[in-house]
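Student: Numbering of the sequence shown is given in the numbering used here, commencing with residue 1 and proceeding in unit increments.
Built from N, CA and C at the ideal position, the CB exists for glycine as well.
Here the structure is a predicted model, which means the values were calculated and not measured.
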Amino acid sequence: MYMARDWKDYEIIDTGGGEKLERWGDIILRRPDPQIIWPLTKETSRWKDVHGHYHRSSSGGGHWEMKKSIPDSWSISYGKLRFHLRPTNFKHTGLFPEQAANWSWMMDKIAGAGRKIQVLNLFAYTGGATVAAASAGASVVHVDAAKGMVQWAKENLQLSGLGERPVRFITDDVFKFVQREQRRGNKYDAIIMDPPSYGRGPGGEMWKLEQSLYPFLESCMSILSDNPLFLLINSYTTGISPTVLENMLAMTMKSRYGGKLSSGEIGLPITSSGLNLPCGILGRWES
Numbered sequence: 001m002y003m004a005r006d007w008k009d010y011e012i013i014d015t016g017g018g019e020k021l022e023r024w025g026d027i028i029l030r031r032p033d034p035q036i037i038w039p040l041t042k043e044t045s046r047w048k049d050v051h052g053h054y055h056r057s058s059s060g061g062g063h064w065e066m067k068k069s070i071p072d073s074w075s076i077s078y079g080k081l082r083f084h085l086r087p088t089n090f091k092h093t094g095l096f097p098e099q100a101a102n103w104s105w106m107m108d109k110i111a112g113a114g115r116k117i118q119v120l121n122l123f124a125y126t127g128g129a130t131v132a133a134a135s136a137g138a139s140v141v142h143v144d145a146a147k148g149m150v151q152w153a154k155e156n157l158q159l160s161g162l163g164e165r166p167v168r169f170i171t172d173d174v175f176k177f178v179q180r181e182q183r184r185g186n187k188y189d190a191i192i193m194d195p196p197s198y199g200r201g202p203g204g205e206m207w208k209l210e211q212s213l214y215p216f217l218e219s220c221m222s223i224l225s226d227n228p229l230f231l232l233i234n235s236y237t238t239g240i241s242p243t244v245l246e247n248m249l250a251m252t253m254k255s256r257y258g259g260k261l262s263s264g265e266i267g268l269p270i271t272s273s274g275l276n277l278p279c280g281i282l283g284r285w286e287s
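1) Relative to the C-alpha of residue 74, which candidate in 236, 86, 63 has its C-alpha closest?
2) Quick check on residue 196: does DSSP put it in helix, strand or coil?
3) Assess contact between the region 53-70 and the region 152-167, defined as three or more Cβ pairs (one per stretch) separated by less than 8 Å. Is contact present?
4) Put residue 237 into one of helix, strand or coil per three-state DSSP.
5) Expressed to the nearest angstrom, what Euclidean distance is found between the alpha-carbon atoms of residue 13 and residue 271?
6) Just to confirm the assignment, what range does the beta strand (DSSP E) spanning residue 148 have?
7) Please look up how many angstroms separate the CB atoms of residue 133 and residue 171, rounded, as I've assumed it's under 8 Å.
8) Give the DSSP bridge partners of residue 14, in chain order.
9) What is the DSSP secondary structure of residue 43, counted as helix, strand or coil?
10) Please report the distance separating the alpha-carbon of residue 219 from that of residue 211.
11) If we call anything under 7 Å between Cβ atoms a contact, is residue 266 one with residue 277?
12) For the alpha helix (DSSP H) holding residue 216, just list the boundary residues, first then last.
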């Protein structure tokens, strides 16, 4: 498991009963998590003394119960990187802290490359990986279909003091963007992707990760430079093994470029129990 252990501003305090108790800076939140199928040993006062509690609905979705007043948004740091947070209608805060394990890895790869690295971040959300890559000296193209998420990512770049770095923010369907980059002949030294389990394109095209990821990965081969540095796939799709991602990278990246493959779960430590919480999976290819 690839662990994000270096947080100071984020912590999983405790887990149990399908929920996690988290500290985001000075804000304490209680949120559901499908991986937490063990019981809550003891519902201490800290579980009740929270700023916000997200309740799932039996009909889908859910809602926040705010028990204390919190700012509309606040920020936390990971090293020199800073990120805006705010509770969303879908239980999230705009940041997946387990991804810090990937940020540290890609920052080391970019800083150690000894050359200018052009990074393409697809399904880029609020730009955690974009900010990390830019801070390490890369030029970045950030692509997401949601205008609000792209704006949020711009705010995170500015908040981290990286507003002058060479980052292009593009609100677009990632599949159509890759097709256009193929026609333009543009190339990238590194590609990051965090594809959804399900989705629809602008023309109603159905995306289902199990059926669509491999063809999409193949299409990305044509926009890689002759000397690529890395390709990273993140996934939160239940039922997919990390070995599946590694196999796909073996059939595409390793067969063409050689290099090294790795895959596994990505997780966060739980303070109270000393256990690790699995949060998703990754597959990495690196030169």
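Tutor: For this structure:
1) The sequence position of residue 74 within the sequence shown is 74, counting from 1. It is 86.
2) Translated into the one-based positions of the sequence shown, residue 196 becomes position 196. Note: residue 196 maps to coil in three-state DSSP.
3) no
4) Taking the sequence shown and counting its residues from 1, one reaches residue 237 at position 237. Note: residue 237 maps to coil in three-state DSSP.
5) Numbered from its first residue, the sequence shown carries residue 13 at position 13. Numbered from its first residue, the sequence shown carries residue 271 at position 271. Going by the C-alpha atoms only, they are around 5 Å apart.
6) Against the sequence shown, residue 148 aligns to sequence position 148. Note, residue 148: premise wrong, no beta strand (DSSP E); alpha helix (DSSP H) at 147-159.
7) Counting from 1 along the sequence shown, the entry for residue 133 is found at position 133. Counting from 1 along the sequence shown, the entry for residue 171 is found at position 171. Not quite, the Cβ-Cβ distance comes to about 19 Å (not below 8 Å), so this is no contact.
8) Numbered from its first residue, the sequence shown carries residue 14 at position 14. Its beta-bridge partners are 21.
9) By one-based count along the sequence shown, residue 43 stands at place 43. If DSSP states are grouped into helix, strand and coil, residue 43 belongs with coil.
10) By one-based count along the sequence shown, residue 219 stands at place 219. By one-based count along the sequence shown, residue 211 stands at place 211. Between residue 219 and residue 211, the C-alpha separation is close to 14 Å.
11) For this step, residue 266 is matched to residue 266 along the sequence shown. For this step, residue 277 is matched to residue 277 along the sequence shown. Result no, Cβ atoms of residue 266 and residue 277 do not sit closer than 7 Å.
12) Position 216 of the sequence shown holds residue 216. Start and end: 209-220.
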